[in-house]
Amino acid sequence: MNGTEITDLKKILASPKKVVIIPHKNPDGDAIGSTLGLYHYLKEYKHDVCVITPNDYPEFLKWMPGENAIIKFDTQTDRAKQCIANAELIFTLDFNSFSRVDDMGPFLEKSNATFVMIDHHQQPDNYAKFMYSDTSMSSTCEMVYHFINFFDDNNKITADIANCLYAGIMTDTGSFRFPSTTSTTHRVIADLIDKGAKNANIHQEVFDTQSLSRLHLLGCALKNLVMLKEYHTVYITLTKEELQSFNYKKGDTEGFVNYGLSLKGIKFAAIFIENQSDDYIKISFRSKGDFSVNEFARAHYDGGGHNNAAGGRSDDNMEDTTKKFVTILDQYKALLQS
Ligand code: 5GP
Ligand code: MN
Numbered sequence: 155m156n157g158t159e160i161t162d163l164k165k166i167l168a169s170p171k172k173v174v175i176i177p178h179k180n181p182d183g184d185a186i187g188s189t190l191g192l193y194h195y196l197k198e199y200k201h202d203v204c205v206i207t208p209n210d211y212p213e214f215l216k217w218m219p220g221e222n223a224i225i226k227f228d229t230q231t232d233r234a235k236q237c238i239a240n241a242e243l244i245f246t247l248d249f250n251s252f253s254r255v256d257d258m259g260p261f262l263e264k265s266n267a268t269f270v271m272i273d274h275h276q277q278p279d280n281y282a283k284f285m286y287s288d289t290s291m292s293s294t295c296e297m298v299y300h301f302i303n304f305f306d307d308n309n310k311i312t313a314d315i316a317n318c319l320y321a322g323i324m325t326d327t328g329s330f331r332f333p334s335t336t337s338t339t340h341r342v343i344a345d346l347i348d349k350g351a352k353n354a355n356i357h358q359e360v361f362d363t364q365s366l367s368r369l370h371l372l373g374c375a376l377k378n379l380v381m382l383k384e385y386h387t388v389y390i391t392l393t394k395e396e397l398q399s400f401n402y403k404k405g406d407t408e409g410f411v412n413y414g415l416s417l418k419g420i421k422f423a424a425i426f427i428e429n430q431s432d433d434y435i436k437i438s439f440r441s442k443g444d445f446s447v448n449e450f451a452r453a454h455y456d457g458g459g460h461n462n463a464a465g466g467r468s469d470d471n472m473e474d475t476t477k478k479f480v481t482i483l484d485q486y487k488a489l490l491q492s
């Protein structure tokens, strides 16, 4: 966002507004952390703020301050639709295309509200009057921190905001180890700790609250891992039956795909997970170095994301999906071997 845009947005926010904040479907730590961080900040200015998620999110994010105020579009549809219809300002966080909010998309398209995008994914759509889009950013939470500072409001960052933003930066950077983690990211984190982020507690809430069945499901996933050495690639599969037998809950498979990348020489990892209710396979891709999984997911799996982390879907069954994956990989052999 440039100086003029900041001034213009500041003018709009100078008096209390009806605001809606929305993250992408199946929200992760960055999506929930950024929406709640911004929620607490805007509440300080007496705006009337609703956070609406397209659907539910994992238990390990439900400790965040303000979480109990979140409206879920899929189960609280009437209330959510009313908030969207009344909104003067809609912030969309951690996504950049209405296709990422499923059934909410048509209601956003119909809205007369002014849209503000804060996002770090590639190739943003053009629906927002105010666009803060930066693919070099570690996380949307880091961007919300900068956004608050654009308004010279560093002193408005409360412990609640700090805890929410810390959580999203931590999860989106793989606990500060992915290449998107910069010295600025660390300075932001340092400031958030100074402002009251309980870093060790947050780590425990997110990573040390697992169920035994989730660890057993991880065991199953690792057993199913297939290594394709010539392509420097691994993939994992999880069927509906396997998920059910380990008492699958939302968020249980979070992070599984990264185990593939911990193998020596592996540059590309995928996980194929059968969806519980609908008949499709949800795919996560991760890579190391310059193999762009965003481009790979866009080209073959109706998906997208970042260079090193992206997602997509397949409407074939598991067997056909993995067969096709190996065939597609062959087109990328030279790139993966370089
Ligand atoms: P995950 O694999 O953790 O679901 O997602 C990895 C990254 O890719 C996230 O930044 C997420 O927002 C993005 N992503 C996941 N699935 C999709 C998808 O189907 N379409 C697009 N455009 N992005 C996705
Ligand atoms: Mn993110």
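Counting from 155, one number per residue, gives the positions in the sequence shown under the numbering used here. Every residue gets a Cβ at the ideal spot worked out from N, C-alpha and C, and that includes glycine.
Taking the Cβ atom as the reference point for each residue, do Ile425 and Ile390 lie within a distance shorter than 8 angstroms?
-> Contact annotation: Ile425 and Ile390 have beta-carbon atoms nearer than 8 angstroms.
Hey, quick one: how far does the alpha helix (DSSP H) through Phe245 stretch, first residue to last?
-> Boundaries for Phe245: no alpha helix (DSSP H) harbours it, while the beta strand (DSSP E) harbouring it runs 243 to 247, taken from the DSSP string.
Straight-line Cα distance separating His460 from Ile315 | Whole-angstrom Cα-Cα distance: 25 angstroms.
Using alpha carbons as the reference points, say which of Leu397, Ile166, Thr229, Tyr320 lies closest to Tyr244.
-> It should be noted that the sequence gives Ile, not Tyr, for residue 244. Comparing alpha-carbon positions, the option among Leu397, Ile166, Thr229, Tyr320 lying closest to Ile244 turns out to be Ile166.
Start-to-end residues for the beta strand (DSSP E) that takes in Lys172 | For Lys172, the enclosing beta strand (DSSP E) stretches over residues 172 to 177.
Whose C-beta lies closer than 7 angstroms to the C-beta of Glu396 among residues of the same chain, with five residues either side of it excluded?
-> For Glu396, the CB contacts under 7 angstroms within the same chain, skipping 5 residues up- and downstream, are Cys374 in chain order.
Indicate whether the contact test is met: 3 or more Cβ pairs, each with one atom in the segment 236 to 243 and one in the segment 207 to 221, closer than 8 angstroms.
-> A contact between stretches requires three or more CB pairs, one per stretch, nearer than 8 angstroms, and the segment 236 to 243 fails this requirement with the segment 207 to 221.
Can you check whether the CB of Met271 is closer than 8 angstroms to the CB of Phe227?
-> Phe227 is not a Cβ neighbour of Met271, given a cutoff of 8 angstroms.
How about Thr246: is its Cβ closer than 7 angstroms to a heavy atom in ligand 2?
-> Because no heavy atom of ligand 2 lies under 7 angstroms away, the Cβ of Thr246 does not count as near it: no.
Anyone know if the C-beta pair for Pro278 and Ser287 falls short of 8 angstroms?
-> It is a contact, given that the beta carbons lie within the stated cut-off.
Per the contact definition of three or more C-beta pairs closer than 8 angstroms, is the segment 431 to 442 in contact with the segment 396 to 413?
-> Flag = yes, the segment 396 to 413 and the segment 431 to 442 touch.
Beta carbon of Leu247 nearer than 8 angstroms to that of Pro333 = Going by C-beta atoms, Leu247 is not nearer than 8 angstroms to Pro333.
Does the distance from the CB of Asp476 to the CB of Phe422 come in under 8 angstroms?
-> The sequence given here places Thr at residue 476; Asp does not occur at that position. With a cutoff of 8 angstroms on beta-carbon distance, Thr476 and Phe422 are scored as not near each other.
Starting from the Cα of Met155, find the closest Cα among Ser169, Asp406, Asp273, Thr327 and give me that residue.
-> It is Asp273.
Just tell me which of Lys179, Thr327, Leu379 has its CA closest to the CA of Leu417.
-> Nearest option by C-alpha distance: Leu379.
Taking C-alpha atoms, which residue in Leu262, Glu242, Thr229 lies nearest to Ser251?
-> The option with the nearest alpha carbon to Ser251 is Leu262.
Backbone secondary structure at Phe124 - three-state DSSP = The first residue shown for the chain is 155 and the last is 492, placing residue 124 beyond what the model contains.
Look up Lys188 in the DSSP assignment and say whether it is helix, strand or coil.
-> Before going on, a small fix: residue 188 reads as Ser here, not Lys. Reduced to three states, the DSSP call for Ser188 is helix.
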